[in-house]
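In our numbering, the protein residues as written are 20 to 307.
As structure tokens, then:
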């Protein structure tokens, strides 16, 4: 990827670094699950105040309320799959909402899209409340460069290993559900995407997480947030990233984009609008 060093020089705040600090939630009314696909797919978590001064993926001068947490795919009334586990600040909300969906002793499989706290922060707490039947992430078994390495995980006397899934493969992560995994170019090094055929939902980790209060965001503000997260984008040549993104959207039918933070984008027209918005920002990146 070209242009990263130049981008730092033009944007010194990235070289200094920002703190991943989020303020307290707006109120309990935002701490509820959101049903995305009836009886099958929910957003679990809540909404938090964010701004460009203390949230690393928000552009300078922007602020608002952003949905965060994880996603739950139901298999049965007592089992399902979690995509990530949500940040620790939303731990109580995540645990309570998952209990409502699978019961107190429910069974969960977990896919971790990144080795960052937003993804893994509530894994231990979930294991204390539910039976964890499997933990998955992307990449190859020999990889030690993305933060997971060969991490083991204990639940009582049982040791669980994080299972690595090769890109462009479809794997049964539970008795009732298969996910397809992708390693796109639009990502930080440790990020992996997943896709559920039944709900036609794409889970792109922190990509597509540039929205704040509404998915009706303009290109200027979307770029501020996108380039705050992917600080190496300004000045970069992005043709390979564009091709990687289009390959995913051409391979699978997407009705819902479910990022780790930001608005849930539902409906074919909205999905296409945001896909085209990201492609436009990528095309313009070299001139930013």
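By construction, the Cβ of each residue, glycine as well, lies at the ideal position given by its N, Cα and C atoms.
Note that the structure is predicted; figures quoted are calculated from it, not measured.
Could you please give the first and the last residue of the uninterrupted alpha helix (DSSP H) stretch that includes residue i?
| i | result |
| --- | --- |
| residue 268 | 258-270 |
| residue 246 | 238-248 |
| residue 131 | Residue 131 -> no alpha helix (DSSP H), and no H or E assigned at all. |
| residue 143 | 142-148 |
Which same chain residues end up closer than 7 angstroms to residue i when comparing Cβ atoms and leaving out the 5 residues on each side of it in sequence?
| i | result |
| --- | --- |
| residue 241 | 229, 296 and 300 |
| residue 154 | 129, 131, 172, 179, 181 and 182 |
| residue 69 | 41, 77, 82, 83, 85 and 231 |
| residue 136 | 106 and 107 |
Which of the three DSSP states is assigned to residue i in this structure?
| i | result |
| --- | --- |
| residue 197 | strand |
| residue 306 | helix |
| residue 84 | strand |
| residue 287 | helix |
| residue 50 | coil |
| residue 161 | Low confidence applies here, because residue 161 scores a pLDDT of 46, under 50, leaving its location unreliable and the question unanswered by this model. |
| residue 221 | strand |
| residue 294 | helix |
| residue 274 | coil |
| residue 44 | Caution applies to residue 44, whose pLDDT of 37 falls short of 50 and renders its modelled position unreliable; the value that the coordinates give is listed next. It is a strand residue. |
| residue 279 | coil |
Using the C-alpha atoms, what's the distance from residue j back to residue i?
| i | j | result |
| --- | --- | --- |
| residue 157 | residue 227 | 19 angstroms |
| residue 286 | residue 275 | 6 angstroms |
| residue 243 | residue 249 | 10 angstroms |
| residue 59 | residue 218 | 8 angstroms |
| residue 234 | residue 124 | 36 angstroms |
| residue 292 | residue 261 | 15 angstroms |
| residue 307 | residue 256 | 11 angstroms |
| residue 67 | residue 258 | 34 angstroms |
| residue 288 | residue 103 | 26 angstroms |
| residue 145 | residue 151 | 8 angstroms |
| residue 81 | residue 73 | 11 angstroms |
| residue 282 | residue 209 | 22 angstroms |
| residue 231 | residue 141 | 23 angstroms |
Considering residue i, what are the terminal residues of the beta strand (DSSP E) in which it resides?
| i | result |
| --- | --- |
| residue 118 | Per DSSP, residue 118 belongs to no beta strand (DSSP E); it is in the alpha helix (DSSP H), 110-121. |
| residue 69 | 60-70 |
| residue 205 | That residue, residue 205, is in no beta strand (DSSP E); it is neither H nor E in DSSP. |
| residue 185 | Element bounds for residue 185: n/a, residue is neither H nor E. |
| residue 322 | The requested residue 322 is not part of the displayed model; the chain covers only 20 to 307. |
| residue 233 | Counting along the chain, residue 233 falls outside any beta strand (DSSP E), and DSSP gives it neither H nor E. |
I want to see whether chain B comes within less than 8 angstroms of residue i, judged by CB atoms only; does it?
| i | result |
| --- | --- |
| residue 64 | Absence of chain B from the displayed structure is noted, only one protein chain being present. |
Here's a check: name, in chain order, each residue in its chain whose Cβ is nearer than 6 angstroms to the Cβ of residue i, leaving out the five neighbours to either side.
| i | result |
| --- | --- |
| residue 197 | 189 and 191 |
| residue 252 | 246 and 304 |
| residue 53 | 62 |
| residue 122 | 97 |
For residue i, which residues from the same chain have a beta carbon less than 8 angstroms from its beta carbon, with the 5 sequence-adjacent residues on both sides left out?
| i | result |
| --- | --- |
| residue 194 | 94 and 98 |
I think residue i touches residue j, with their Cβ atoms under 8 angstroms apart; what is that distance to the nearest whole Å?
| i | j | result |
| --- | --- | --- |
| residue 147 | residue 63 | Actually they are not in contact, since the Cβ atoms of residue 147 and residue 63 sit about 17 angstroms apart, beyond 8 angstroms. |
| residue 205 | residue 263 | 7 angstroms |
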